[in-house]
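Input: a single structure, listed below in C-alpha cells.
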Amino acid sequence: MEATEEELIYLKELVNLRTKQRVPIPIKEQGYISPTMVIDNFLYHGDLNHARNKKLLKELDIRHIINICDYELEKDILDQFNVLWIDADDDISTNINQYFQKTNQFLQSCKEKDEKVLVHCQMGISRSSSIVLAYLMKYHHDSLSQAYDYLIERRRYAAPNAGFFLQLIRYEKTLKKMKEIVDNEQNSVVSSNVTDKLVVDNNISLDK
Numbered sequence: 019m020e021a022t023e024e025e026l027i028y029l030k031e032l033v034n035l036r037t038k039q040r041v042p043i044p045i046k047e048q049g050y051i052s053p054t055m056v057i058d059n060f061l062y063h064g065d066l067n068h069a070r071n072k073k074l075l076k077e078l079d080i081r082h083i084i085n086i087c088d089y090e091l092e093k094d095i096l097d098q099f100n101v102l103w104i105d106a107d108d109d110i111s112t113n114i115n116q117y118f119q120k121t122n123q124f125l126q127s128c129k130e131k132d133e134k135v136l137v138h139c140q141m142g143i144s145r146s147s148s149i150v151l152a153y154l155m156k157y158h159h160d161s162l163s164q165a166y167d168y169l170i171e172r173r174r175y176a177a178p179n180a181g182f183f184l185q186l187i188r189y190e191k192t193l194k195k196m197k198e199i200v201d202n203e204q205n206s207v208v209s210s211n212v213t214d215k216l217v218v219d220n221n222i223s224l225d226k
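Under our numbering, the first residue of the sequence shown is numbered 19, with each subsequent residue one higher.
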C-alpha cells in the first residue's frame with residue numbers, strides 16, 4: 019500500500035499525538051497490572067497476560083474477549099469466557115481492516131448486553147489498539163484523530179503500526195462517506211507543509 023501525501027501528513031499528525039503533554043496517569047491505571055478501561059464498565063484494552071489471568075478477568079467481571087494475536091488462549095479461558103480469536107500478525111502488510119466489521123459487531127453486541135469485554139493482542143500496543151479505534155469511530159462517531167487522542171489519554175502506549183494506521187485512515191474516509199462520522203473539525207493536516215512520501219512496505223519509515 020502506498021500512502022498519498024495527504025495520508026502521510028495525517029499519519030504524522032496522529033503519531034505526534036503520542037508526544038502531546040498530558041496529565042500523568044497513576045501507576046495502577048497505566049495498564050501494566052490490569053487492562054485499561056477505555057469505556058467505563060464496558061470496554062477494556064490489555065495484553066496477553068491480562069487475558070490469561072482468569073482471576074483478574076473475574077474480578078473485573080469481564081465475560082467476553084477479543085484476542086487478536088497469534089497465540090490461542092488456554093482451554094480453561096475458552097471454556098469460561100466468550101472469546102473471538104483473530105489470528106493476525108503485527109505486521110504492516112497485515113490486512114487488519116478486513117476484521118473491523120466482525121470486531122465492531124462483537125463489541126456492540128457486548129455493549130447492548132451491558133457486559134464487559136477485553137480487547138487484547140500480545141503487548142496491547144498495535145493490533146488491539148487498531149480494533150479499539152475502529153470501534154470508537156464506528157459507534158462513537160469520532161474521527162480517527164479524536165479517537166486516538168481519547169485512547170492515548172487512557173493508554174499511553176497505544177500505537178498501531180504505520181500500516182494499520184493507514185488502513186484506519188481509509189476506514190475513517192469510508193465511515194465519513196456513510197455519514198457515520200460527522201466531520202465537524204477542520205483537519206489541520208491539510209495546511210501542513212510536509213512533502214514526504216510514505217511507501218507502506220517492509221522498509222517503512224516515517225522519515226525521509
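Ideal Cβ placement from N, Cα and C applies to all residues, glycine included. Since we're looking at a predicted model, the values are computed, not measured.
Query raised in the report: Looking at the unbroken alpha helix (DSSP H) that takes in Lys73, where does it start and where does it end?
Result: 72 to 77
Query raised in the report: Three-state secondary structure (DSSP) at Thr37?
Result: helix
**Report entry** alpha helix (DSSP H) segment containing Ile95, residue limits
**Finding:** From DSSP, the alpha helix (DSSP H) with Ile95 extends over 93 to 98.
Requested in this report: Please go through the same chain and pick out, in chain order, the residues whose beta-carbon is closer than 7 Å to the beta-carbon of Glu90, but skip the five residues on each side of it.
Outcome: Trp103
Query raised in the report: What runs of the beta strand (DSSP E), each 3 residues or longer, lie entirely inside the region 104 to 159?
Result: 134 to 138
Query raised in the report: What span of residues does the alpha helix (DSSP H) with Thr192 cover, start to end?
Result: Run containing Thr192: 180 to 195, per the alpha helix (DSSP H) assignment.
Query - Rounded C-alpha distance that separates Ala165 from Asn67 - result: Our two residues, Ala165 and Asn67, have alpha carbons roughly 25 Å apart in a direct line.
Query - Contacts around Gln185, its chain only, beta-carbon distance under 7 Å, and the 5 residues preceding and following it disregarded - result: Here the set comprises Ile114, Asn115.
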